[in-house]
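Notes follow the structure.
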Amino acid sequence: MNFAESVKMAFTSLSINKMRSFLTMLGIIIGISAVITITTIGNSISSTLTNTFNQIGSTKLIIYPDVREGFSGEWNDLPEDEQMTLEQVQELINLHPDELTYSCNDMYGGVETLNPDGDPIGATLLGVSDDYFDQFKKQIVQGRTISKEDMMNQKNTCIVSEFFCEQYFGTTENVIGKTIKFNTLTGQNAGRNIKLSIVGVMEYTDLEKNQLGINHARNKQDRLNIKTYIYMPYNTMLKVMSLTAKETKLNSAEIGWTKDCTKESAKAYIEDYFSPLYEKNEQWEMHIYDEEQTFGMINTVLNVVTIAISVIAAISLIVGGVGVMNIMLVSILERTREIGVRKALGALNSDIRSQFVIEAIIICLTGGTIGVIIGIVNGILISKIASMVLVTMAAEYAEYIVLTVQPSIPAIIISLAFSMLTGLIFGYYPAKRAGNMNPIDALRYE
Amino acid sequence: MKRSNEPVIHMDSITKKYYVGEPNELQILFDIGLDIYEGEFVSIVGASGSGKSTLMNIIGLLDRQTDGEYLLNGKSTKVFDDKQLSRIRNKEIGFVFQNFNLIPKITALKNVEMPMMYAGVSQKKRTERAMELIKLVGMGDRYTHDPSRLSGGQKQRVAIARAMANDPSIILADEPTGALDTKTGRMVMDLFHELHEKQGKTIVLITHSPELASETERMLTISDGRIVSDYTREVRRV
Chain A
11 MNFAESVKMA FTSLSINKMR SFLTMLGIII GISAVITITT IGNSISSTLT
61 NTFNQIGSTK LIIYPDVREG FSGEWNDLPE DEQMTLEQVQ ELINLHPDEL
111 TYSCNDMYGG VETLNPDGDP IGATLLGVSD DYFDQFKKQI VQGRTISKED
161 MMNQKNTCIV SEFFCEQYFG TTENVIGKTI KFNTLTGQNA GRNIKLSIVG
211 VMEYTDLEKN QLGINHARNK QDRLNIKTYI YMPYNTMLKV MSLTAKETKL
261 NSAEIGWTKD CTKESAKAYI EDYFSPLYEK NEQWEMHIYD EEQTFGMINT
311 VLNVVTIAIS VIAAISLIVG GVGVMNIMLV SILERTREIG VRKALGALNS
361 DIRSQFVIEA IIICLTGGTI GVIIGIVNGI LISKIASMVL VTMAAEYAEY
411 IVLTVQPSIP AIIISLAFSM LTGLIFGYYP AKRAGNMNPI DALRYE
Chain B
1156 MKRSNEPVIH MDSITKKYYV GEPNELQILF DIGLDIYEGE FVSIVGASGS
1206 GKSTLMNIIG LLDRQTDGEY LLNGKSTKVF DDKQLSRIRN KEIGFVFQNF
1256 NLIPKITALK NVEMPMMYAG VSQKKRTERA MELIKLVGMG DRYTHDPSRL
1306 SGGQKQRVAI ARAMANDPSI ILADEPTGAL DTKTGRMVMD LFHELHEKQG
1356 KTIVLITHSP ELASETERML TISDGRIVSD YTREVRRV
């Protein structure tokens, strides 16, 4: 008798007692569905976070002076002469020019100008590095982004928004190459005249339009009050503001690394450079913030939960397995005569044994499969609900949160393998008993 | 009736004891000597408790003798292990039981296929042969029924078809009409005669009814575990 035959026979005898088969499977269904639910949720959270971090840019390390871990003395502010400067960051980059990059996005300056109608327009000058537009996925609709050359040669270039063009020129047509003029408002060089030539025009996303108030502006005055950004190379900003890198204090800096370098080396370079500078300071040190570490922590928590659920599932599989064994023993007793007849007709001990083992495996595997399906459905539903909650909670990142539902394939395979194993282990003893029955005793059994 | 020199069944000094060596030791069969030749239709008659079923179980290799020699088709059965016994039951012997012993919840066709399944016959050939046998026993229109939807006589006819599945050399029938009324019992007996006359099957029929036994060409009477008479005659059936 071949294997397919036994499987077919097993399904036949399971379908005879549907209710009993289902109840027997229940323990296994519960165990497996719990594991698959939790692993599906875990996997979905992981891949959603991975995607989200990749979009926001987890390929950066953020460094900032922070209080040393475990510091218990009196807390003081960081002395001004120990604050991080642009010069330090540039020096760090220059030590490893092919490996480290600096992404500047936090040099601000308020400016003011008049449009051709004589209305005052406010704006914020933002000094950025050439990777800014890629990193933050700003949408350039005309012209180009700030180039490396703009940076190196401190060119007076800028990128403005469509909204700014409407306020300043009254149109968004043919603005590339035009020059804008304005006065600085802040810093020691307030009142300076600055001229920048537009190389690109960007469009804000809906979310940004909401945040800036563009979508809510009802009249001309409302619109004139809205300050948008004028993006320019930060090098150029230093020049036009007559600032030096040494005087430019940074609260934090984003350090990236090229493909010739790894995150670990980047961390080591940062450590090597800043440690000596803060050596004598007992309270402060240069802290390296790695978003992936937060991510890693979430993963660790998920793994712990998964292991805990798996242990519970293993227990429920054992309980389920004992149930299967019990039912198999009952079933074999009920079918003693059938076993006798089969033996009289020429079934070998091994035929009978494999018939019942396969029956037990089929019970467990069917239970496991049902459990997997229930688990996937549960996992997807819960993940969807969770992501809806997450989107409401973290509205500013909403556009980056793309739910990726991903059942864990290894978990499914392992679960099915374990349910098969349960059937094999707990089905073997009853099956062996059936196989070894004496045909004449079995035939006479009432 | 043609007879080869070699008996299909040869028994010499067969004894069967239960609880051997214990105070309640029980001997069922005493010194049974018996030869059955190919193509014979033999009936074994005896009262209940006479040991005829035990003898049949030993002939059918469902049980082993305590002592003595049993040759089936010239081969000593003593040396066979469980696996070999199963194979011989499967290929050489067809059983027909008093209470039919069809497997419940599967169709008549599947029941007839079962011995062939254990013999490793392919599904296609199995179904072909089973259909052929089911038609032979006059159940051609009922092959999809499961046993619970068949009458006693119909069940027994399916059981006979099953016994024929692997074309065995011997058919062992243990009180095949015992659970049937006279009319259906008659039909089953006619079927045995047909198998015997048209297909030349060796049939061993166990019965407590002397009338049924008198239809067969050879009648063995067993009493208290001993064969007390063995008598052959020319039977003319109407």
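Listed in order, the protein sequences are those of chains A and B.
Each residue of the first sequence is one higher than the one before, counting from 11 in my numbering.
Each residue of the second sequence is one higher than the one before, counting from 1156 in my numbering.
Backbone N, C-alpha and C define an ideal beta-carbon position, used for all residues, glycine too.
message: For the ligand NAD, I want to know if residue 226 (chain A) counts as a neighbour, meaning its beta carbon is within less than 7 Å of at least one of the ligand's heavy atoms.
response: Inclusion of the ligand NAD in the displayed structure is not the case, the ligand content being empty and no account of it being possible.
query: Quick one: is residue 1273 (chain B) near chain A, going by C-beta distance under 8 Å?
result: yes
field: Whole-number beta carbon distance between residue 208 (chain A) and residue 170 (chain A), since they are thought to touch under 8 Å
entry: 6 Å
message: Please report the distance separating the alpha-carbon of residue 400 (chain A) from that of residue 127 (chain A).
response: 45 Å
message: I'd like the list of long-range same chain contacts for residue 160 (chain A), defined as Cβ closer than 6 Å, with 5 residues on each side in sequence excluded.
response: 167 and 243
message: In whole angstroms, give me the CA-to-CA distance for residue 1331 (chain B) and residue 1198 (chain B).
response: Straight-line Cα distance between these residues: approximately 12 Å.
message: Using the Cβ count rule (16 or more neighbours within 10 Å means buried), how would you classify residue 26 (chain A)?
response: exposed
query: Where does residue 54 (chain A) fall in DSSP's three states?
result: helix
field: Every unbroken alpha helix (DSSP H) inside the segment 1272-1312 of chain B [4 residues or more]
entry: 1278-1291
7 Å Cβ cut-off: residues of chain B touching residue 359 (chain A): 1237
message: In the DSSP assignment, the alpha helix (DSSP H) including residue 207 (chain A) goes from what residue to what residue?
response: Looking at the DSSP string, residue 207 (chain A) is not in any alpha helix (DSSP H); the run it does join, the beta strand (DSSP E), is 203-213.
message: Tell me which residues share the same chain as residue 53 (chain A) and place their Cβ nearer than 6 Å to its Cβ, disregarding the 5 neighbours each side in the sequence.
response: 416 and 418
message: Beta carbons nearer than 8 Å to chain A: which residues of the segment 1209-1236 of chain B have them?
response: 1212, 1215, 1217 and 1218
query: Below 8 Å between beta carbons: does that hold for residue 1254 (chain B) and residue 1317 (chain B)?
result: No; because the gap between Cβ atoms is not below 8 Å, this pair is not in contact.
query: Got a sec, what are the start and stop residues for the beta strand (DSSP E) residue 284 (chain A) sits in?
result: Segment 273-288 is the alpha helix (DSSP H) holding residue 284 (chain A); no beta strand (DSSP E) there.
query: Of all Cβ atoms in chain B, is any one closer than 8 Å to the Cβ of residue 16 (chain A)?
result: no
message: For the pair the segment 77-85 of chain A and the segment 96-106 of chain A, tell me if three or more CB-CB distances fall below 8 Å.
response: no
- request: Express the C-alpha separation of residue 38 (chain A) and residue 1249 (chain B) in angstroms, rounding to a whole number.
  value: 42 Å
Close beta carbons around residue 210 (chain A), own chain, < 7 Å, minus the five adjacent residues each side: The residues 150, 152, 153, 154, 155 and 169, in chain order, have a CB closer than 7 Å to that of residue 210 (chain A) in the same chain once the five nearest residues on each side in sequence are set aside.
message: If I measure Cβ to Cβ from residue 1334 (chain B) and keep anything under 7 Å in the same chain, skipping five residues before and after, which residues do I get?
response: 1253, 1254 and 1307
- prompt: How about residue 429 (chain A) and residue 389 (chain A): do their beta carbons lie closer than 8 Å?
  reply: no
- prompt: Name the residues in the segment 1255-1273 of chain B whose C-beta lies less than 9 Å from a C-beta of chain A; which are they?
  reply: 1256, 1257, 1258, 1259, 1260, 1261, 1265, 1269, 1270, 1272 and 1273
- prompt: Which residues, taken in chain order from the segment 426-454 of chain A, show a beta carbon closer than 8 Å to some beta carbon of chain B?
  reply: Within the segment 426-454 of chain A, the residues whose Cβ lies closer than 8 Å to some Cβ of chain B are 449, 450 and 453, listed in chain order.
query: When burial is assigned at 16 or more other CB atoms within 10 Å of the CB, is residue 1157 (chain B) buried or exposed?
result: Low per-residue confidence applies at residue 1157 (chain B): pLDDT is 47, beneath 50, and the placement is therefore not dependable enough to give any value.
field: Any C-beta of chain A under 8 Å from that of residue 1173 (chain B)
entry: no
query: For residue 1257 (chain B), which residues from the same chain have a beta carbon less than 7 Å from its beta carbon, with the 5 sequence-adjacent residues on both sides left out?
result: Around residue 1257 (chain B), the same chain offers 1266, 1302, 1310, 1313 and 1314 as residues with beta carbons nearer than 7 Å, after the five sequence neighbours per side are excluded.
query: By DSSP, does residue 1246 (chain B) sit in helix, in strand, or in coil?
result: helix
query: CA-CA distance, residue 23 (chain A) and residue 16 (chain A)?
result: 10 Å
Collapsed DSSP secondary structure at residue 187 (chain A) in the structure displayed: coil
- request: Can you have a look at residue 1251 (chain B) and say buried or exposed, based on whether 16 or more other CB atoms are within 10 angstroms of its CB?
  value: Here residue 1251 (chain B) is buried. Its C-beta has 16 or more other C-beta atoms within 10 Å.
message: Beta-carbon within less than 8 Å of residue 367 (chain A)'s beta-carbon, same chain only, minus the 5 sequence neighbours each way: which residues are those?
response: 433, 434, 437, 438 and 441
- prompt: Are the CB atoms of residue 297 (chain A) and residue 75 (chain A) nearer to each other than 8 Å?
  reply: yes
query: Given that residue 1245 (chain B) touches chain A, what residues does it touch there, using C-beta distances under 7 Å?
result: At a C-beta separation below 7 Å, residue 1245 (chain B) has these neighbours in chain A: 355 and 356.
- prompt: Do you know how far the Cα of residue 362 (chain A) is from the Cα of residue 332 (chain A)?
  reply: 21 Å
field: Same chain, Cβ closer than 7 Å to residue 329 (chain A), five either side skipped, listed in chain order
entry: 37
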